[in-house]
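Worksheet: the structure to be examined is printed underneath.
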């Protein structure tokens, strides 16, 4: 059912009366007449056609509120419009509370909007001019692309087997052919070509998921992300063949960052330093493992070079976009540094979400120098991007010019887009440190962001319920359960004997270190 | 695949050697030869055919252990059999730990066994002789019947809508026609004829489930159970038409019982007293409610009388069996008291699980006098059956003969069957006060109970996984997730717009105070 926008109010000026016609959602029409003489309005018609479910009722209620606002503005007498609002709501037989005054947006429309062809603009969208004039207000084309890459990063969480009672804990629940299909991301027009696995020689707190079982698929490695490439249709739309690396992250615990200097490690020429723990995950390998005979770094670069060779041969223009959330955002920068060093001339952009700092000033400057374009999406209330260097950089805050001298101080690279949890009318007001770091919160805020000064856009279309997949951040009024994203019956199924059992994984979904897309798959 | 019992060991005496042939699960056969001379055994054949999944492997492992035990007994030299065990397990390539020595029972066979015709024995099974000589050892026919009624009580939990975000929180998720089908209980051969609702005028702690939403199906009432009746086939098997009332319970918080005397209430003649809170739930009603214009008591008795009238007219023999867990067990006794008072000559039996004490000595004596047969199933580690009167009765423990004088002291009615959590090899050793009260624990222990002195029966067939539906009581080795019984994605479904929404309940499942089985339904 098509619905009319929120604030559609028609004012029919008559000699002696003003007539308001409000078209609300769900075919609700409301007319009010204000006699020039009287100070209050008379409701003379109201139809509520299909507000069956509680949810729809709430929507209509909110629509009504929205609709009444212009009248409030038009009105000099607040009392009058207040009366109108009340009568209107009483007709809806709904309680009249503060929490009703929320712009719920297009909650019942499709979550996807039609896509634009951005083939002529893709370089700007990927930071050619460091996103000048694209971030505030946020260009809708850029928003869509950022969310696309964000959903690629989100897939590394949604596909991940977190179940310590599964022998495959720490791997991806689906093989690379099924991942996007299972997670409903096929519409983005990319194909996963290779899975990336990582291990770590240094003990990085709580990045590694381990099964409780004796026999497991791997004792050393975790699925750490994947390489994907745009198909012909999408390549057409975005103006080049886009290779994507999506890195899985974890909520970074602050303990990582208690001693900054101790955890800094030299790379390249002497001046450049990066966080030791991040680099260990990116670089560690061992002959005695099945999935990390090659390091994550080697696995990615091998695949990226293979794809470049393949598409170069067809004379195609190519870009490499690296994305990741939290720890994944840190790995993305290390990946970008290596790719830029080893493949000159390749357009490389990093789109990271809630990523901590990775290296020092020299690292940042080297990335700029090599033309790596980095866009960091940061939620104001999220503390992770403040690490490492939170304490340190704050001490030096006032003497910021000095910090440049200390090349051991962590620095953020590239441009950034700052989001504020309080922008969204759907999120609880009390800020939640862990929750505010959640990638779905980032995507939700991005979807509603117009500009620093403007409110959350009413026609944001991304499904709000996704926020509560693994958080408790949505306001009660939405009635979305908290932490709802879990397998039916925690993975148990009823077998033919009438027993609840954990089915062993489909052979096709058992992790394989070797599976990469053949050239036929690529075409 | 048919499997052979655990301990099947054949000893083939030869002149110079003893040959052991062990038939294990999953077509595993193992032969060991012990030369009269040597003190150790030689493994000479081992086939492992279909132990694909971890679970099956564990089973084979355990089967192997089981199989080795008799050898251990036969052997004088422990060392030797230990060696055998080890070789056996090494062949299975499985770790060798203490936790392997568990009798896992028939985990892969059907959960249901064929039923016997008990038509000639049903009066004894329902307490004609107060279950003398039927409880220890537990008669298999009785066990089956107790579990049947226990599963009827369990249905009041499994069908209950606990979701505070549902407008129907506190009702049954399914209408009475679908309840047994949805919960897989159709095989018991009963039909639900009426749903029972309750409210309470006194504030009984945490028995009442309330929705967080503004608009709900009822603000005062909860679904409190149902009346069911055996169909022709089942009536044939059990020798009479059985009317069942299954009462829903709650975990009884100890606060209920701080002041015993204050909460005692007179019923019938002056001497008889029962717990005030229980009685309030059983008897409360209000003109201004939709579901409790009649009290739970009136709803049940009306339906029971209707059914009796109907089947009496057909000259059938009738029994009334009342079951319930925890609070439900308490309500069952109040229900039995009323039924016995108002319908003389009706065979009434109560089968309760983990029920607290309900009334004083006079109440107990009156029930006996009226011929109400009560079988209380009690888990030793569960504290709820110790309330009310826990403190009090313990103080008076040593002067037990005196307590008879204090007619305000709570007394348990009828016979009881005591179960011990430590009997079951599947349950964690640390006793959990809340967990030990769970009805699924009761049913699990019943299923394995042979007698006070004998161990958990190896061929118990009820699905062990059910224990963890709403507890964390199963040992790790079973790899059953804890608290796994929850709706997929907490009740959210993906709609055609790509949004995760809570679907409104099927109209047919919206609670109705009036729905009862028509006479056609009864046949």
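Chains as they are written, first to last, in this note's numbering: chain Z, -3 to 519; chain A, -3 to 519.
Glycine included, each C-beta is placed from N, C-alpha and C at the ideal position.
Could you check which residue in Z:278, Z:433, Z:350 has the C-alpha nearest to that of residue 292 of chain Z? Z:278
So with CB distances below 9 Å, who are the chain Z contacts of residue 149 of chain A? None at all; the shortest Cβ gap to chain Z is about 19 Å.
Could you give the DSSP three-state label for residue 466 of chain A: helix, strand or coil? coil
Does residue 257 of chain A pass the burial test, meaning 16 or more other C-beta atoms within 10 Å, or should it be called exposed? Only weak support is given to the placement of residue 257 of chain A: the predicted model assigns it a pLDDT of 49, under 50, and the value that follows is read from those uncertain coordinates. Classification of residue 257 of chain A: exposed, given that the 10 Å Cβ count is below 16.
Within a Cβ cutoff of 6 Å, which residues of the same chain sit near residue 343 of chain A, ignoring the five residues on either side of it in sequence? 315
Cβ contact check for the region 115 to 127 of chain A and the region 414 to 424 of chain A: 3 or more pairs under 8 Å: no
Considering residue 506 of chain Z, what are the terminal residues of the alpha helix (DSSP H) in which it resides? From DSSP, residue 506 of chain Z is part of no alpha helix (DSSP H); its letter is neither H nor E.
Contacting residues, own chain, Cβ-Cβ under 8 Å from residue 373 of chain A (five flanking each side not counted): 142, 146, 347, 348, 349, 350, 412, 413, 415, 438, 442
Comparing the C-beta of residue 482 of chain A with each C-beta of chain Z, is any distance below 9 Å? yes
If you follow the alpha helix (DSSP H) that residue 208 of chain Z is in, where does it begin and where does it stop? Careful: residue 208 of chain Z lies outside any alpha helix (DSSP H) and carries neither H nor E.
In chain order, what residues of the same chain have a beta carbon less than 6 Å from the beta carbon of residue 431 of chain A, not counting five sequence neighbours either side? 467, 469
Can you name the start and end residues of the alpha helix (DSSP H) that residue 132 of chain Z belongs to? Here residue 132 of chain Z belongs to no alpha helix (DSSP H), and DSSP marks it neither H nor E.
9 Å Cβ cutoff met for residue 220 of chain Z and residue 327 of chain Z: yes
For residue 188 of chain Z and residue 153 of chain Z, which I take to be in contact (beta-carbon distance under 8 Å), what is that distance rounded to the nearest angstrom? Incorrect: roughly 15 Å between the Cβ atoms, too far for contact.
Is the beta carbon of residue 170 of chain A sitting closer than 9 Å to the one on residue 178 of chain A? yes
Contact the region 457 to 465 of chain Z vs the region 450 to 460 of chain A: 3+ CB pairs below 8 Å: no
Please report the straight-line C-alpha distance between residue 379 of chain Z and residue 274 of chain Z, rounded to a whole angstrom. 18 Å
Report all residues from its chain with a CB closer than 8 Å to the CB of residue 290 of chain A; omit the five preceding and five following residues, and keep chain order. 281, 298
Where does residue 370 of chain Z land, buried or exposed, given buried means 16+ other C-beta within 10 angstroms? buried
Under the assumption that residue 356 of chain Z contacts residue 260 of chain Z (Cβ atoms under 8 Å), give the Cβ distance between them as a whole number of angstroms. 7 Å
Beta carbon proximity, residue 476 of chain A to chain Z, threshold 9 Å: yes
Roughly how many whole angstroms lie between the Cα atoms of residue 515 of chain A and residue 465 of chain Z? 48 Å
Exposed or buried, which one is residue 110 of chain A when buried takes at least 16 other CB atoms within 10 Å? exposed
Cβ shell of residue 497 of chain Z (< 7 Å), same chain only, five flanking positions each side left out: 488, 489, 491
Run through chain Z and tell me which residues come within less than 8 Å of residue 461 of chain A, C-beta to C-beta. 488, 495, 496, 497
Suppose contacts are defined by Cβ-Cβ distances below 9 Å. Is residue 301 of chain A in contact with residue 193 of chain A by that definition? no
From A:195, A:313, A:199, A:128, pick the residue whose C-alpha is nearest to that of residue 234 of chain A; which is it? A:313
Could you spell out the range, first to last residue, of the beta strand (DSSP E) harbouring residue 372 of chain Z? 369 to 375
Name the chain A residues that come within less than 9 Å of residue 524 of chain Z, Cβ to Cβ? Lying before the first or after the last residue shown, residue 524 of chain Z is absent from chain Z, which here runs from -3 to 519.
Using a beta-carbon distance below 9 Å, is residue 108 of chain A in contact with chain Z? yes
Under the three-state reduction of DSSP, which class applies to residue 317 of chain A: helix, strand or coil? strand
Interface flag, residue 485 of chain Z vs chain A, CB-CB below 9 Å: yes
Taking CB distances under 9 Å as the criterion, tell me whether residue 466 of chain A reaches chain Z. no
Close-in-space but distant-in-sequence residues of the same chain around residue 334 of chain A (CB under 7 Å, 5 per side omitted): 293, 297
Taking beta-carbon pairs under 8 Å, can you tell me which members of the region 171 to 205 of chain Z lie near chain A? 180
Taking C-alpha atoms, which residue in Z:435, Z:486, Z:168 lies nearest to residue 319 of chain Z? Z:435
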